[in-house]
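Per the working numbering, residue 595 is the first one in the sequence shown, and the count goes up by one each step.
So the structure is just underneath, and the comments pick up after that.
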Amino acid sequence: MTALKYLQAYPERLQDQVRQLIAEGRLGEYLDQRYSGRHDVQSDKALYSYALELKQEYLRNAPAIDKVLFDNRLDLTHRALGLHSTVSRVQGGKLKAKKEIRIASLFKDAAPDFLKMIVVHELAHFKESDHNKAFYKLCEHMLPGYHQVEFDLRVYLTWRDMQA
595 MTALKYLQAY PERLQDQVRQ LIAEGRLGEY LDQRYSGRHD VQSDKALYSY ALELKQEYLR
655 NAPAIDKVLF DNRLDLTHRA LGLHSTVSRV QGGKLKAKKE IRIASLFKDA APDFLKMIVV
715 HELAHFKESD HNKAFYKLCE HMLPGYHQVE FDLRVYLTWR DMQA
């Protein structure tokens with residue numbers, strides 16, 4: 595039985611369906627049918643604008659985003675597809691907090707839905723810090739079908755590993 599490291603939290607029946615697609619050599623075909631094409635967001639500046647547009651549309655009252663960038667140091671083996679962080683610095687006598695989002699560089703070549711899913715996920719953390727029901731409800735609001743895209747993103751990562 596093939597170990598599916600990105601899909602371990604999913605029910606066995608879903609994992610079996612992915613294993614069957616792998617055995618039949620149809621996993622890439624499945625992904626191409628659902629997620630063809632590549633997004634146009636290729637620079638950190640474009641990624642910042644993209645994230646800011648989503649934030650303005652869905653999270654106007656959330657804290658401002660100070661930095662958004664592609665990061666080639668994010669490690670998929672530790673399940674880091676993207677990171678949100680708050681960097682605190684003392685400037686003069688005041689404490690300043692800057693909000694940052696980092697997206698794994700491998701998503702420069704991914705389908706538009708996958709990039710949107712990662713950005714939506716990280717933006718949702720500005721409102722909800724934990725992966726709880728409210729967090730996923732917010733993700734679903736910003737990206738209808740969020741759960742399916744997240745699952746398929748994990749399938750994509752599985753397929754990508756098979757190509758290496």
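C-beta: ideal position from N, C-alpha, C; glycine also.
Predicted model only: the values in this text are computed from it and were never measured.
Please classify residue i as buried or exposed, where buried requires at least 16 other C-beta atoms within 10 Å of its C-beta.
i      : result
HIS672 : Unreliable positioning characterises HIS672 in this predicted model, as indicated by a pLDDT of 48, which lies under 50. A coordinate reading is not provided.
MET711 : buried
PRO605 : exposed
GLU647 : exposed
LEU689 : exposed
ALA658 : exposed
ARG607 : exposed
PHE708 : buried
LYS731 : exposed
HIS719 : buried
ALA705 : buried
ARG748 : buried
GLU744 : buried
MET736 : buried
ASP626 : exposed
For my contact list, residue i and residue j are in at a C-beta cut-off of 8 Å; report their separation, rounded to the angstrom.
i      : j      : result
PHE664 : ILE697 : 5 Å
TYR740 : VAL713 : With a Cβ gap of about 12 Å, TYR740 and VAL713 do not count as contacting.
Starting from residue i, follow its DSSP beta bridges and name the residues at the other end.
i      : result
ALA698 : ASP665
Check whether the Cβ atoms of residue i and residue j lie closer than 7 Å to each other.
i      : j      : result
ALA656 : LYS721 : yes
TYR789 : THR752 : Because the chain in this structure spans residues 595 to 758, residue 789 falls outside the shown range and cannot be described.
VAL662 : ALA640 : no
ASN666 : SER630 : no
ASP660 : LYS692 : yes
GLN636 : LYS702 : yes
LEU717 : LEU615 : no
LEU598 : GLN609 : yes
For the ligand ZN, is there any heavy atom lying closer than 6 Å to the beta carbon of residue i?
i      : result
LEU601 : This structure does not include the ligand ZN; it has no bound ligands of any sort.
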